[in-house]
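Engineer:
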Amino acid sequence: MSWLPNVDYYNPLVRFIYDITEPVLAPFRRLLPSVGGIDFSPILVFLVLDFVRRIVLQLLIALRM
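Mind the numbering: the sequence shown is residues 191 to 255 in the numbering used here, read in order.
1. Looking at the structure shown, is VAL225 part of a helix, part of a strand, or coil, going by DSSP?
2. Going by the beta-carbon positions, is the gap between VAL214 and VAL246 smaller than 8 Å?
3. Would SER231 and ARG244 qualify as a contact pair, given that the criterion is a beta-carbon distance under 8 Å?
4. From PHE206 to PRO217, what does the alpha carbon distance come to, in whole angstroms?
5. Let me know the secondary structure DSSP gives ASP240 once reduced to three states.
6. Identify whether LEU230 lies in helix, strand or coil by the three-state DSSP scheme.
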């Protein structure tokens with residue numbers, strides 16, 4: 191959330207969002223360093239989650255038949 195101006199990191203809601211997302215994003219940040227100050231790790235997380243979702247759906251469809 192560093193790209194948001196004037197974020198109060200002591201706000202409970204902001205802290206909650208950070209605490210929930212950081213364990214998922216941290217490993218991807220180590221794999222994909224920021225480029226020009228832009229963090230692409232959330233995009234990579236979404237791509238991986240979509241890939242996993244598609245695989246799980248295909249497995250469920252295959253098991254149902």
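Quick reminder that beta carbons are idealized off the backbone N, C-alpha and C, glycines included. Keep in mind it's a predicted model, so treat the numbers as computed, not measured.
Structural biologist: Result, derived from the coordinates:
1. As a position in the sequence shown, residue 225 is number 35, starting the count at 1. In this structure, VAL225 counts as strand in the three-state DSSP scheme.
2. Here residue 214 is taken as the residue at index 24 of the sequence shown, counted from 1. Here residue 246 is taken as the residue at index 56 of the sequence shown, counted from 1. The answer is no: Cβ separation not under 8 Å.
3. Residue 231 sits at position 41 when you count from the first residue of the sequence shown. Residue 244 sits at position 54 when you count from the first residue of the sequence shown. For SER231 and ARG244, no; Cβs fall outside 8 Å.
4. Locating residue 206 in the sequence shown gives position 16, counting from the first residue. Locating residue 217 in the sequence shown gives position 27, counting from the first residue. Taking the straight line joining both Cα atoms gives about 19 Å.
5. Reading the sequence shown from its first residue, position 50 is the one you call residue 240. Three-state DSSP puts ASP240 in a helix.
6. Here the question's residue 230 lines up with position 40 in the sequence shown. Here residue 230 turns out to be Phe, not Leu, going by the sequence shown. Correct three-state label for PHE230: coil.
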